[in-house]
Structures are given as structure tokens and as C-alpha cells.
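*Asks:* Dropping the structure in here first, questions after.
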């Protein structure tokens, strides 16, 4: 395979959250074909995406290794600066301080007013934010995650209503998520969870009413002066959502496996044709 083919595989795997596999593919490409700025960038991005201190250090090593040979590569410079902008200045003062130096280096291949500079500004738009910006972003992320779960639940409910799912491509992540959810919700003992998924909105409304009624009844009866026991009605709903989240993780792994199988088959066919 060429550097471009390795990079394309990294991009596909990164899009579905296969960060471990991205690192493996990038390292294989670097080991087999030698240094390449794009593969160093994918290696760094796949480490940085884990959002852990050890991985951040490995991402920094990947960016520095690439910049040692391509000091003006814009992709490496921008990715490295984003990592530095997001670093905690108290815990990693050196990494945080390097953001200013990288800004100066970026100005060489992307001078002010150029299309490249506009691209860099867009790429770094969410990095280096303040506390309130981070808080708003985290809130938006949480709301987006809830929307994803709600959408996934609707897809699963539709499949349950139809009694199954239509055949789909093994790399179709959305279809894989539904298929995994149907598997995890199968069986007589999980019938209540299937019911909650099928009627998710109604279940949440009914549960909220049950919470209020239970807490009010316990207080009025004199059993307690303040009650939180009613909130236990949410446990079944949380279990159902946990199943859906587990299904999404399982589906992601299956799609990654399918991608790897396709990549391996393509590589084998290419090798066979070259003989």
C-alpha cells in the first residue's frame, strides 16, 4: 500500500471512533513505508482523541517527530497547536507555552489574510477556550449525546415495531447500532426494556408523574419529611438507555472490524495482482 492508502484507512477508522486501530494503521504505514507527515498527524490525532494525559504525551511525540522532518507542514503545526491550546497551563506549562511558538510557525505557511490562515482559524476555533465557553460546549455536547440516544431509540423502536431489521451494509454504523440493540434487548427477560424503548417518550412522561406522586404521597403520609425515593422509578429507563449505549459501542467495534476485513481483502488482492 501507499502512504495515501494508509492515510485513507486512518480517516475511515477515525470517523467511526476506531482510535486504537488508527494508531495501529498509522504505525504500520510508517514502519513499512517510512516517514510521512500525514501519517504522523493521524497518529497524533488518534492519541489526542483519547483525551488522556499519557495519550497527549504520545500525540506530542508524533507531532514533533513529523515536524522534525517537515517543519512547515500545516497539518502537523495546526494539530500540535490545538493540543497545546487545550493543555492545562498549571499541569503542563511547557506544552501550553508552546502554543505561542507554534502560532508564529504557522504564520509562515499561512500568512495573515490568506485562505490558509482562514482554514487554520476555523480548525482552531474551539481550542483555547475559557471556562464559560467550555461549560457551554460541554452542555451542548451533553444535549447532543441525549439527542443521539433519542434518535437511536427511535430507530430501534421502529425496528421492534416491524419485528426486525432490513439487511444493511456491514459498514453502515447506524444500521449496525440498531442490529446490536435488537440483540442486546432480545429474550423474554428483557421484554420490559423493549417496551420502554418502543414508547420512550411516554415512558419518561409517566415516570416523571410517578416520581412526583410517590414523593408527595410519602411526605403527606408522614413516613418521611422529604422524599427522594420516587426517583427510583427512573432506574428501568436508565437501564434501557445503558443498553442502547452498549449497543452503540458494540456496533462501532463491528464496523471497525468490517473495515479492517475490507482493507485486508484489498491488500491481498493487490498483492496477488502484483505477482
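Residue numbers (the numbering used here): 326 to 600.
Beta carbons are placed, not taken as given, at the ideal position from N, Cα and C, and that holds for glycine.
Note that this is a predicted model, so its numbers are computed, not measured.
Verify whether the separation of the beta carbon atoms of residue 365 and residue 391 is less than 8 Å.
*Replies:* Translated into positions along the chain shown, residue 365 becomes position 40. Translated into positions along the chain shown, residue 391 becomes position 66. Yes, the pair counts as a contact, with Cβ atoms nearer than the cut-off.
*Asks:* Cα separation between residue 334 and residue 488?
*Replies:* Sequence index remark: in the chain shown, residue 334 carries index 9 (1-based). Sequence index remark: in the chain shown, residue 488 carries index 163 (1-based). Their backbone Cα atoms lie some 35 Å apart in a straight line.
*Asks:* I need the boundaries of the alpha helix (DSSP H) containing residue 416, first residue and last residue.
*Replies:* Translated into positions along the chain shown, residue 416 becomes position 91. It is not in any alpha helix (DSSP H) - residue 416 carries neither H nor E in the DSSP assignment.
*Asks:* Assuming residue 568 and residue 518 make a contact with CB atoms under 8 Å, what is their CB distance in whole Å?
*Replies:* Indexing the chain shown from 1 puts residue 568 at position 243. Indexing the chain shown from 1 puts residue 518 at position 193. Contact holds; Cβ gap of about 6 Å.
*Asks:* Taking C-alpha atoms, which residue in 581, 593, 395 and 385 lies nearest to residue 404?
*Replies:* Residue mapping note: residue 404 aligns to position 79 of the chain shown, counting from 1. When each option's Cα is compared against that of residue 404, the closest is 385.
*Asks:* Count the other CB atoms, across all protein chains shown, that sit within 10 Å of the CB of residue 541; report buried if there are 16 or more and exposed otherwise.
*Replies:* Indexing the chain shown from 1 puts residue 541 at position 216. Classification of residue 541: exposed, given that the 10 Å Cβ count is below 16.
*Asks:* Can you tell me where the alpha helix (DSSP H) holding residue 515 begins and where it ends?
*Replies:* Here the question's residue 515 lines up with position 190 in the chain shown. Looking at the DSSP string, residue 515 is not in any alpha helix (DSSP H), and its letter there is neither H nor E.
*Asks:* Mapping the DSSP letters down to three states, classify residue 460 as helix, strand or coil.
*Replies:* If you number the chain shown from 1, residue 460 lands on position 135. Caution is warranted here: a pLDDT of 45 is assigned to residue 460, below 50, making its placement in the model unreliable, and the coordinate value is therefore given only provisionally. Residue 460 falls in the helix class under three-state DSSP.
*Asks:* Pop quiz: residue 498 and residue 341 are said to be a contact at Cβ under 8 Å. What is the actual Cβ separation, rounded to whole angstroms?
*Replies:* Taking the chain shown and counting its residues from 1, one reaches residue 498 at position 173. Taking the chain shown and counting its residues from 1, one reaches residue 341 at position 16. Going by Cβ atoms, the distance from residue 498 to residue 341 rounds to 6 Å, so yes, they are a contact pair.
*Asks:* Contact between the segment 569 to 589 and the segment 494 to 512 is defined here as three or more beta-carbon pairs at a separation below 8 Å; is this criterion met?
*Replies:* These segments touch.
*Asks:* So, at 7 Å on beta carbons, what are the nonlocal neighbours of residue 401 in its own chain, with the 5 sequence-adjacent residues on each side left out?
*Replies:* Residue mapping note: residue 401 aligns to position 76 of the chain shown, counting from 1. The answer, listed in chain order, is 362, 365, 366, 388, 391, 392 and 395.
*Asks:* On a CA-only basis, which of 524, 539 and 547 is nearest residue 555? Give me that one, please.
*Replies:* In the chain shown, residue 555 corresponds to position 230, counting from 1. Comparing Cα-Cα distances from residue 555 to each of 524, 539 and 547, the minimum goes to 539.
*Asks:* Going along the chain, which residues of its own chain have a beta-carbon closer than 8 Å to the beta-carbon of residue 453, five neighbours each way excluded?
*Replies:* Position 128 of the chain shown, counted from the start, is the residue given in the question as residue 453. Here residue 453 scores only 45 on pLDDT, less than 50, and its place in the model is too uncertain to base an answer on.
*Asks:* I'd like to know whether the C-beta atoms of residue 420 and residue 501 end up nearer to each other than 8 Å.
*Replies:* Here residue 420 corresponds to residue number 95 of the chain shown, with the count starting at 1. Here residue 501 corresponds to residue number 176 of the chain shown, with the count starting at 1. No, the Cβ-Cβ distance between residue 420 and residue 501 is not below 8 Å.
*Asks:* Leaving out the 5 sequence neighbours to the left and right, which residues in its chain are closer than 8 Å to residue 328 when beta-carbon positions are compared?
*Replies:* The residue given as residue 328 occupies position 3 in the chain shown. Taken in chain order, the residues that qualify are 354, 358, 361, 363 and 364.
*Asks:* Apply the 10 Å Cβ neighbour rule to residue 494 and answer buried if 16 or more other Cβ atoms are within range, or exposed otherwise.
*Replies:* For this step, residue 494 is matched to residue 169 along the chain shown. By the 10 Å Cβ count, residue 494 comes out exposed.
*Asks:* Between residue 581 and the rest of its own chain, which residues show a CB-CB distance below 7 Å, the 5 nearest in sequence each way excluded?
*Replies:* If you number the chain shown from 1, residue 581 lands on position 256. Once the five neighbours on either side are set aside, the close Cβ partners of residue 581 are 338, 341, 343 and 346.
*Asks:* Measuring only the C-alpha atoms, how far is residue 352 from residue 332?
*Replies:* Sequence index remark: in the chain shown, residue 352 carries index 27 (1-based). Sequence index remark: in the chain shown, residue 332 carries index 7 (1-based). If I take the Cα positions, the gap works out to 11 Å.
*Asks:* Quick one, which of 566, 587 and 432 has its alpha-carbon nearest residue 475's?
*Replies:* In the chain shown, counting from the first residue as 1, residue 475 sits at position 150. The residue with the shortest Cα to Cα distance from residue 475 is 566.
*Asks:* Can you tell me whether DSSP reads residue 308 as helix, strand or coil?
*Replies:* The requested residue 308 does not occur in the structure, where the chain is confined to residues 326 to 600.
*Asks:* Using DSSP with H/G/I as helix, E/B as strand and the rest coil, what is residue 584?
*Replies:* Counted from its first residue, the chain shown places residue 584 at position 259. If DSSP states are grouped into helix, strand and coil, residue 584 belongs with the helices.
*Asks:* Return the CA-CA distance between residue 398 and residue 511, expressed in angstroms with no decimal places.
*Replies:* For this step, residue 398 is matched to residue 73 along the chain shown. For this step, residue 511 is matched to residue 186 along the chain shown. Looking at the two C-alpha atoms, the distance is approximately 51 Å.
*Asks:* DSSP on residue 592, reduced to helix/strand/coil?
*Replies:* Sequence index remark: in the chain shown, residue 592 carries index 267 (1-based). In this structure, residue 592 counts as helix in the three-state DSSP scheme.
*Asks:* Where does residue 377 fall in DSSP's three states?
*Replies:* Residue numbering aside, residue 377 sits at position 52 when the chain shown is read from its first letter. In this structure, residue 377 counts as coil in the three-state DSSP scheme.
*Asks:* Does the beta-carbon distance from residue 558 to residue 536 come in below 8 Å?
*Replies:* For the purposes of this step, residue 558 is taken as residue 233 along the chain shown, with counting starting at 1. For the purposes of this step, residue 536 is taken as residue 211 along the chain shown, with counting starting at 1. A contact, by the Cβ cut-off of 8 Å.
*Asks:* In chain order, what residues of the same chain have a beta carbon less than 8 Å from the beta carbon of residue 496, not counting five sequence neighbours either side?
*Replies:* The residue labelled residue 496 in the question sits at position 171 within the chain shown. 580, 583, 584 and 587, listed in sequence order.
*Asks:* Taking the C-alpha atoms as reference points, what is the distance between residue 336 and residue 379?
*Replies:* Along the chain shown, read from residue 1 onward, the residue named residue 336 stands at position 11. Along the chain shown, read from residue 1 onward, the residue named residue 379 stands at position 54. The alpha-carbon atoms of residue 336 and residue 379 are separated by roughly 22 Å.
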